[in-house]
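Visitor: According to my numbering, the first sequence is numbered sequentially starting from 383.
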Amino acid sequence: MNEPIFHYYGNKAGVEGADQIKQVIDDATRGSEYYKRQQEKRQQVLQKVNKMQMELDSYKNNEQKIKETKEIIQNKVKEFQINTDRIWAHFDMDMFYVACELLDKPELKDKPVAVGQTIVSTANYVARKFGVRSAMPGFVAKKLCPEIIFIPCHFEKYKSVSNIFMTILKKYDDNLESMGLDEANLDLTEYINNSQEDPAILCENIRKDILLATQLTASCGVGPNKMIAKLASEINKPNGLHVVEQSATAVLNFLEKLPIRKIPGIGNITEQILSGLNFNTCKDVRDRADELYVIFTPKTFEYIFYSCWGVARNYHVEFEDQHSISCQRTFSSISTQREFEDKVDYIAEKLAEEMQSEEKVGNHLTLIIKTSKFEIRSKSLQLNQYTNQAKQIAIYGKQLLKIMQLDEPIRLLGLKMSSLANEKQIQKQSISTYFKRQIDKSSGQENLVPSIKGSKSHQITEENDSFNKMSLQQQEQSKPDILSDDEASSISNQILSGVNSKSHQSQQQQQQYQQKQQAQPKSFRCPICNKEIDCKGNNTVLNKHIDRCITQQNVIVEQSDESNRNFSGSKIKVPSKIDSKAQKSFNFFKK
DNA sequence: ATACATACC
DNA sequence: CACTGGTATGTAT
Numbered sequence: 383m384n385e386p387i388f389h390y391y392g393n394k395a396g397v398e399g400a401d402q403i404k405q406v407i408d409d410a411t412r413g414s415e416y417y418k419r420q421q422e423k424r425q426q427v428l429q430k431v432n433k434m435q436m437e438l439d440s441y442k443n444n445e446q447k448i449k450e451t452k453e454i455i456q457n458k459v460k461e462f463q464i465n466t467d468r469i470w471a472h473f474d475m476d477m478f479y480v481a482c483e484l485l486d487k488p489e490l491k492d493k494p495v496a497v498g499q500t501i502v503s504t505a506n507y508v509a510r511k512f513g514v515r516s517a518m519p520g521f522v523a524k525k526l527c528p529e530i531i532f533i534p535c536h537f538e539k540y541k542s543v544s545n546i547f548m549t550i551l552k553k554y555d556d557n558l559e560s561m562g563l564d565e566a567n568l569d570l571t572e573y574i575n576n577s578q579e580d581p582a583i584l585c586e587n588i589r590k591d592i593l594l595a596t597q598l599t600a601s602c603g604v605g606p607n608k609m610i611a612k613l614a615s616e617i618n619k620p621n622g623l624h625v626v627e628q629s630a631t632a633v634l635n636f637l638e639k640l641p642i643r644k645i646p647g648i649g650n651i652t653e654q655i656l657s658g659l660n661f662n663t664c665k666d667v668r669d670r671a672d673e674l675y676v677i678f679t680p681k682t683f684e685y686i687f688y689s690c691w692g693v694a695r696n697y698h699v700e701f702e703d704q705h706s707i708s709c710q711r712t713f714s715s716i717s718t719q720r721e722f723e724d725k726v727d728y729i730a731e732k733l734a735e736e737m738q739s740e741e742k743v744g745n746h747l748t749l750i751i752k753t754s755k756f757e758i759r760s761k762s763l764q765l766n767q768y769t770n771q772a773k774q775i776a777i778y779g780k781q782l783l784k785i786m787q788l789d790e791p792i793r794l795l796g797l798k799m800s801s802l803a804n805e806k807q808i809q810k811q812s813i814s815t816y817f818k819r820q821i822d823k824s825s826g827q828e829n830l831v832p833s834i835k836g837s838k839s840h841q842i843t844e845e846n847d848s849f850n851k852m853s854l855q856q857q858e859q860s861k862p863d864i865l866s867d868d869e870a871s872s873i874s875n876q877i878l879s880g881v882n883s884k885s886h887q888s889q890q891q892q893q894q895y896q897q898k899q900q901a902q903p904k905s906f907r908c909p910i911c912n913k914e915i916d917c918k919g920n921n922t923v924l925n926k927h928i929d930r931c932i933t934q935q936n937v938i939v940e941q942s943d944e945s946n947r948n949f950s951g952s953k954i955k956v957p958s959k960i961d962s963k964a965q966k967s968f969n970f971f972k973k
């Protein structure tokens, strides 16, 4: 489908090979401050690689040490097993933002399109043929593909589609985890145990449901843990499925030639380091794990090591409240003290707005700046009170500004508030602190610090967070080592103990599922509620039903969210209602 | 505890 | 001409 288009544009303006793409990017960017900074960073990485290489060389000359280390590795390999008793699926919407926009502008479907303004957020596959990628600056994309069409971001729209997407998926795992609007990880074990359905068929059906409800395609990967499922979902993207069978052999085969860069958590820099040391595939890591053991910190080592052996988290992690709220803006460079202060005021206001809308307060503030040479610096400060007030934040922000002693132009300024707590709990607490102070006074011990800060770690953690904290601690204790990344943060415990995540499958869902199984071939099954709709080819009837259904479903989602705090394994805030404007965009069958 | 680095979407 | 924004977490000091 893309081929002819490629030739058409390719002959005119397109870019053919990887080398040519690199060349265009290089030409477009060379000489810029950004480019210079990147070069510097690259040099730093190379130096780091050199240092590590030297360590490795000395390691390789020490036979005793080699023997010891290899033994440690062998023991590690013996200790774990690739746990295959769970079935995970990772669903990922294809080129999500662009796909959403194209719903409204189908005439652009076969043209190169990108969502974003200064930076490409997502590009469609036509544009990708030209080398256009996510996170690429707009002007580079334009050089690569002069005919590219940019569409500004409409976040609310994507949220609404995401909402439908998640609603469908929650039927199969109520506790799903997601790292963005367009992807989700489901633990299908319970569902499949109950339905005895073939995972591949199930997931194809879910993909069909998604297509039906959103008019958009999703790719899916299936595997015995979160990481494998995610990796698998990329294999047949877009609009495809890949299943990694539930066996250790299948997992190891799947990973064998996989570039390490694909492992979530291994990014650009780590890839550079690893490739500098001649580690390119997961197999390299497995074969020469002892070398990595010598040069990386334990956490980093464990993470890479276990990932390459296919060992990753195979249970849902408890939902945790967010740890920080931040706001940062890029602007054309400013260099006077006055301008700096004005920016702090502005960002403080934005941050306060955000905090207030989330009903959060915080007592640790960080000021972040980026110089016009793209160097990033930060200063942080422990406040003596909780706040979410713009004026207060601005005062602290300016203090940090002073401490930082800025004497060069900056292109970005941001403020981050951490050590968050709920506004209401803090209010409650200041009352109790007030009473406490009265007591102190009456006992002759004047408390000169009326701030809440002192009692924070007690009251808030105990009343609110202690459950999460406890379970985390327990996990950590029973783990031999802690892995670092979110994707695999606490594996070992689970490897040993096996099954531990519960089904959140409701009776109702079972019934819905059975209804699905008994579907009449002629009638239409609503992808949201699973009910059969006799629409007799009348699209309006269908549309109305699905509109209503989505709205209702959202109410249900919202309620269960309220009543069950555990529910929210997803980090997505599900909007309580689909706003009518966006919903209109997704009235399918209308055209 | 603070600053900086890396990663993800 | 031109390289985001929000959040988490790891490493170094």
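All C-beta atoms in this analysis are idealised placements derived from N, C-alpha and C, irrespective of residue type, glycine included.
Which class does residue 402 belong to by DSSP, given the choice of helix, strand or coil?
Guide: Reduced to three states, the DSSP call for residue 402 is helix.
Visitor: Exposed or buried, what is residue 882 when buried is set at 16 or more other beta-carbons lying within 10 Å of its beta-carbon?
Guide: Bear in mind that the predicted position of residue 882 carries a pLDDT of just 28, short of 50, making it unreliable; the figure below should be weighed with that in mind. So residue 882 ends up on the exposed side.
Visitor: Within 6 Å: the Cβ of residue 653 and any heavy atom of the ligand HEM?
Guide: Among the components of this structure there are no ligands whatsoever, and the ligand HEM is therefore not found.
Visitor: Under a three-way DSSP split, which group does residue 724 fall into?
Guide: In this structure, residue 724 counts as helix in the three-state DSSP scheme.
Visitor: Under 7 Å, do residue 698 and residue 557 count as touching if we go by C-beta distance?
Guide: Cβ distance < 7 Å, so residue 698 and residue 557 count as in contact.
Visitor: Looking at the structure shown, is residue 605 part of a helix, part of a strand, or coil, going by DSSP?
Guide: Residue state, collapsed to three classes: strand.
Visitor: What residue does the alpha helix (DSSP H) around residue 520 start on, and which one ends it?
Guide: It spans 520-526 - the alpha helix (DSSP H) in which residue 520 sits, taken as one unbroken run.
Visitor: Does DSSP put residue 544 in a helix, a strand or coil?
Guide: Residue 544: helix per DSSP, three-state reduction.
Visitor: Once DSSP output is grouped into helix, strand and coil, what is the label at residue 968?
Guide: Residue placement at residue 968 is poorly supported in this model, since its pLDDT is 23, which falls under 50; the coordinates still yield a value, given next. Here residue 968 sits in coil by DSSP.
Visitor: Let me check understanding here. Comparing Cα to Cα, which of 803, 640, 791 lies closest to residue 715?
Guide: Comparing Cα-Cα distances from residue 715 to each of 803, 640, 791, the minimum goes to 791.
Visitor: What are the boundary residues of the alpha helix (DSSP H) that residue 463 is part of?
Guide: Premise fails: residue 463 is in no alpha helix (DSSP H) and is neither H nor E.
Visitor: On the DSSP bridge list, what partners appear for residue 474?
Guide: DSSP, once it has assigned bridges, lists 565, 601 as partnering residue 474.
Visitor: Run the CB neighbour count on residue 459, radius 10 Å, all protein chains shown included, and call it buried at 16 or more, exposed below.
Guide: Result: exposed.
Visitor: Given this structure, state the Cα-to-Cα distance separating residue 710 from residue 795, to the nearest angstrom.
Guide: C-alpha separation (whole angstroms): 6 Å.
Visitor: Which value, in whole angstroms, describes the spacing of the CA atoms of residue 743 and residue 770?
Guide: Straight-line Cα distance between these residues: approximately 5 Å.
Visitor: Pop quiz: residue 570 and residue 471 are said to be a contact at Cβ under 8 Å. What is the actual Cβ separation, rounded to whole angstroms?
Guide: Correct: roughly 5 Å between the Cβ atoms.
Visitor: Compute the Euclidean distance between the alpha carbons of residue 946 and residue 593, then round it to the nearest angstrom.
Guide: For residue 946, the predicted model reports a pLDDT of 27, less than 50, meaning its position is unreliable; a value from the coordinates is still stated below. The alpha-carbon atoms of residue 946 and residue 593 are separated by roughly 30 Å.
Visitor: Would you mind reading off the limits of the beta strand (DSSP E) that contains residue 804?
Guide: Note, residue 804: beta strand (DSSP E), 792-804.
Visitor: Taking three-plus beta-carbon pairs below 8 Å as touching, is the stretch 647-660 in contact with the stretch 432-441?
Guide: With the cut-off at 8 Å, the stretch 647-660 and the stretch 432-441 touch.
Visitor: Cα separation between residue 804 and residue 414?
Guide: Their backbone Cα atoms lie some 44 Å apart in a straight line.
Visitor: Across the stretch 533-549 and the stretch 405-425, are there enough close Cβ pairs to call them in contact, namely three or more that are closer than 8 Å?
Guide: Taking 8 Å as the limit for Cβ pairs, the verdict is that the stretch 405-425 does not touch the stretch 533-549.
Visitor: Given 8 Å as the limit, is there contact between the stretch 405-420 and the stretch 749-759, that is, 3 or more CB pairs closer than that?
Guide: With the cut-off at 8 Å, the stretch 405-420 and the stretch 749-759 touch.
Visitor: Provide the residue span of the alpha helix (DSSP H) that contains residue 714, from first to last.
Guide: Looking at the DSSP string, residue 714 is not in any alpha helix (DSSP H); the run it does join, the beta strand (DSSP E), is 706-716.
Visitor: Look up residue 667 in the DSSP assignment and say whether it is helix, strand or coil.
Guide: Note: residue 667 maps to helix in three-state DSSP.
Visitor: Select from 522, 595, 620 the residue whose C-alpha is nearest the C-alpha of residue 544.
Guide: Selected option, being the one with the closest Cα: 595.
Visitor: Compare the beta carbon distance of residue 749 and residue 779 with 7 Å and say whether it is the shorter of the two.
Guide: Result yes, Cβ atoms of residue 749 and residue 779 sit closer than 7 Å.
Visitor: How should residue 384 be labelled, buried or exposed, when 16 other C-beta atoms within 10 angstroms of its C-beta is the threshold for buried?
Guide: The predicted position of residue 384 is uncertain, since its pLDDT is 33 and thus under 50; a value taken from the coordinates is nonetheless stated next. Burial call: exposed.
Visitor: Give, in chain order, every unbroken run of the alpha helix (DSSP H) that is at least 4 residues long and sits entirely within the stretch 610-690.
Guide: Correct list: 630-638, 650-658, 664-669, 671-677, 680-690.
Visitor: Does DSSP put residue 469 in a helix, in a strand, or in coil?
Guide: Coil.
Visitor: Check the DSSP bridge columns for residue 532 and list the partner residues they point to.
Guide: Per DSSP, 496.
Visitor: Residues in its own chain within less than 7 Å of residue 664 by CB, not counting five upstream and five downstream?
Guide: Excluding residues within five positions, the ones whose Cβ falls inside 7 Å are 637, 638, 640, 642, 690.
Visitor: Can you list, in chain order, the residues of its chain whose CB lies under 7 Å from that of residue 451, leaving out five sequence neighbours each side?
Guide: Here the set comprises 672, 675, 676.
Visitor: Residue 448 to residue 667, Cα distance in whole Å?
Guide: Spanning the two alpha carbons is a distance of roughly 16 Å.
Visitor: Can you round the beta-carbon distance between residue 501 and residue 520 to whole angstroms, since I take them to be within the 8 Å contact cut?
Guide: Between residue 520 and residue 501 the Cβ distance is about 7 Å, and since that is below 8 Å, they are a contact.
Visitor: Between which two residues does the alpha helix (DSSP H) harbouring residue 418 extend?
Guide: Start and end: 415-442.
Visitor: With a 10 Å radius around its C-beta and 16 neighbouring C-beta atoms as the bar for buried, classify residue 402 as buried or exposed.
Guide: It counts as exposed.
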